[in-house]
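See structure below.
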């Protein structure tokens, strides 16, 4: 899933669009590819500092729970460790990354997806971000 999308975002989006043509029609190739690149940025992060795909930064989660308590979105404190776990991360990341990369690299893209410039999309991922 996400590793394949990281290795070949256009192929991942094209595969999803083949299964969900209405989504393809509503988003289009460029927005679909932009969306997966944004998701990968959030879900992957810096793998040198994380335990793999899906790894939770408990301090960040705790900060989130503290903030939503402070602004009144929840009425009782939440301990991150009570609702988040990294116990499943090693097993979830126990797959052949080289095979996933080879599979992703081996996909023949349609002409429309092949024409997308992923580096250009990446260069503008945060143009609309609140600064």
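In the numbering used here, the protein residues as written are 59 to 189.
Beta carbons: idealized from backbone N, C-alpha and C, even for Gly.
Item to check | CB contact flag (residue 114, residue 144, <7 Å) | outcome: Within the chain shown, numbered from 1, the residue matching residue 114 stands at position 56. Within the chain shown, numbered from 1, the residue matching residue 144 stands at position 86. Result yes, Cβ atoms of residue 114 and residue 144 sit closer than 7 Å.
Next on the checklist: In the DSSP assignment, the alpha helix (DSSP H) including residue 70 goes from what residue to what residue?
Outcome noted: Here residue 70 is taken as the residue at index 12 of the chain shown, counted from 1. Annotation for residue 70: the continuous alpha helix (DSSP H) segment containing it runs 67-77.
Next on the checklist: So, for residue 165: in the same chain, excluding its five sequence neighbours on each side, which residues have a beta-carbon less than 7 Å away from its beta-carbon?
Outcome noted: For the purposes of this step, residue 165 is identified with residue 107 of the chain shown, where counting begins at 1. Cβ-Cβ distances below 7 Å link residue 165 to 66 and 69 in the same chain, with the five nearest sequence neighbours on each side left out; the list follows chain order.
Checklist entry - Which residues mark the beginning and the end of the alpha helix (DSSP H) in which residue 188 is found? => result Position 130 of the chain shown, counted from the start, is the residue given in the question as residue 188. Counting along the chain, residue 188 falls outside any alpha helix (DSSP H), and DSSP gives it neither H nor E.
Checklist entry - The alpha helix (DSSP H) spanning residue 148 covers which residue range? => result Numbered from its first residue, the chain shown carries residue 148 at position 90. Element bounds for residue 148: 147-150.
Item to check | Cβ shell of residue 97 (< 7 Å), same chain only, five flanking positions each side left out | outcome: Against the chain shown, residue 97 aligns to sequence position 39. Contacts found: none.
Item to check | Selection from 142, 188, 124 and 129 that minimises the alpha carbon distance to residue 135 | outcome: As a first step, residue 135 is located in the chain shown; it is residue number 77 there, counting from the start. Nearest option by C-alpha distance: 124.
Checklist entry - Under 7 Å, do residue 87 and residue 174 count as touching if we go by C-beta distance? => result Locating residue 87 in the chain shown gives position 29, where the first residue counts as 1. Locating residue 174 in the chain shown gives position 116, where the first residue counts as 1. Contact flag set, yes.
Item to check | Between the CA atoms of residue 185 and residue 167 - distance to the nearest angstrom | outcome: Start at 1 with the first residue of the chain shown, and residue 167 comes out as number 109. Start at 1 with the first residue of the chain shown, and residue 185 comes out as number 127. About 27 Å.
Next on the checklist: On the DSSP letters alone, give me the boundaries of the alpha helix (DSSP H) that residue 170 sits inside.
Outcome noted: The residue given as residue 170 occupies position 112 in the chain shown. According to the DSSP assignment, residue 170 belongs to the alpha helix (DSSP H) that extends over 169-172.
Next on the checklist: So for residue 131, helix, strand or coil by DSSP?
Outcome noted: Position 73 of the chain shown holds residue 131. Residue state, collapsed to three classes: coil.
Next on the checklist: Going by DSSP in three states, residue 144 sits in which element: helix, strand or coil?
Outcome noted: As a first step, residue 144 is located in the chain shown; it is residue number 86 there, counting from the start. Three-state DSSP puts residue 144 in coil, outside helix and strand.
Checklist entry - If you count every other CB in all the chains shown that lies within 10 Å of the CB of residue 122, and 16 or more means buried, which is it? => result Against the chain shown, residue 122 aligns to sequence position 64. Flag for residue 122 reads exposed.
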